[in-house]
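Written below as structure tokens is the structure these notes are about.
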Amino acid sequence: MNQDQPAPQGSSQPPGVFTGQMPQRPVFRPYVTFVLIGICVAVYLLQLATYNFLQVDIPAAIGVKENNLIMAGQFWRLITPIFLHSVTNPLHIGFNMYALYAIGPTLERFYGRWRYLILFMVSGFAGNVMSFMFTQSPSLGASTAIFGLLGAEGVLIYQNRDVFGSIARRALSQVVIIAAVNLVIGVTIPGIDIWGHIGGLIGGTLFAWFGGPVLRKQELVQTNAVINVRSSREVIIAGTAVFALFFFLTIAAIFINKG
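First residue of the sequence shown: 35, per my numbering; consecutive thereafter.
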């Protein structure tokens, strides 16, 4: 804790009165977002290399969401598609990485790094589970997780609307419009895994509602300073519960299809 310092000689200020500038807050760097983008780009380059030199997209062959292989026990295919993208459509990875760069840093700042990583992974997993349940087509892409981030952003604004003040309603409206427009695009354009988007949105929203930041103003520090009062225990419970819910849905879908 900083202690009061006596005023320098010759100063007209009484002892204990701070006359300098407040210390600058360190610049936040969204390292997890950068790492996730880096992983996706690195995997995409590996996909391109194997596709062009071996005529087989090896990472996609190993990790794409393929229903029959998931039913055979390859459950990692509900996670790995998050980091894979279409080698024949550069706009696929380009759009997803732009969206992650635009949405991710703000959420990472409010969530904290490890909570934000849980949000990303749970959202992507939920999206791939919904895709597995409702469509037979193979799918891949980070958009499942990105839709989860979009849902989490809406929850963050809504649950902390008193902290965000007058901008909350406008920001929440923008999130709802962006989500709705993208879902409509997913329905109208062939080849887009709309169920993956819906699942990611549901998974991210559920986790954010029960495990996302609950902000409180620090009245005695700076007028704009806030802290997250959501405990780590609540975050772990929320993440585990959402993951367990969608894993149970996976097992149920397998049982029904085999029955």
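For every residue, glycine included, the Cβ atom is placed at its ideal position computed from N, Cα and C.
Legend entry - Residues of its chain near valine 269, where Cβ-Cβ distance is below 8 Å and the 5 sequence neighbours each way are ignored: Only Arg149, Ile152, Gly245 meet the Cβ criterion.
Inset, instruction - Consult DSSP for arginine 143 and reduce its assignment to one of helix, strand or coil. - result: Here DSSP, grouped into helix, strand and coil, assigns arginine 143 to helix.
Inset, instruction - Tell me, please, which residues DSSP counts as bridged to valine 260. - result: According to DSSP, valine 260 bridges with Lys251.
Inset, instruction - Could you check if valine 276 is buried or exposed, using at least 16 other CB atoms within 10 Å of its CB as the buried criterion? - result: Under this definition valine 276 is a buried residue.
Inset, instruction - Name the residue from Thr84, Ala205, Phe159 whose alpha carbon lies nearest to the alpha carbon of tryptophan 229. - result: Residue nearest to tryptophan 229 within the set Thr84, Ala205, Phe159 is Phe159 (criterion: CA-CA distance).
Inset, instruction - Give me the Cβ distance between glycine 185 and glycine 238, rounded to the nearest whole Å; I'm assuming they're in contact under 8 Å. - result: Confirmed, about 4 Å.
Inset, instruction - Give the DSSP bridge partners of lysine 99, in chain order. - result: Answer is Ser173, bridged to lysine 99.
Inset, instruction - Kindly indicate which three-state DSSP category isoleucine 223 falls into: helix, strand or coil? - result: DSSP places isoleucine 223 in coil when its eight states are reduced to three.
Legend entry - Segment limits, alpha helix (DSSP H) that includes alanine 106: Element bounds for alanine 106: n/a, residue is neither H nor E.
Inset, instruction - Could you check which residue in Ser207, Val156, Ser165 has the C-alpha nearest to that of leucine 183? - result: For the residues Ser207, Val156, Ser165, the minimum Cα distance to leucine 183 belongs to Val156.
Legend entry - 8 Å Cβ cutoff met for asparagine 86 and phenylalanine 166: Between asparagine 86 and phenylalanine 166, the CB-CB gap reaches or exceeds 8 Å.
Inset, instruction - Tell me whether glutamine 208 is buried or exposed, calling it buried when 16 or more other Cβ atoms sit within 10 Å of its Cβ. - result: Exposed, because fewer than 16 other Cβ atoms sit within 10 Å of the Cβ of glutamine 208.
Legend entry - Between the CA atoms of tyrosine 135 and phenylalanine 68 - distance to the nearest angstrom: Each residue's alpha carbon lies about 8 Å from the other.
Inset, instruction - Counting only runs of 4+ residues fully inside the segment 185 to 225, write out the alpha helix (DSSP H) ranges in chain order. - result: Taking only runs of at least 4 residues, the alpha helix (DSSP H) segments lying wholly in the segment 185 to 225 are 195 to 198, 201 to 222.
Inset, instruction - For isoleucine 285, name the three-state secondary structure that DSSP assigns. - result: Reduced to three states, the DSSP call for isoleucine 285 is helix.
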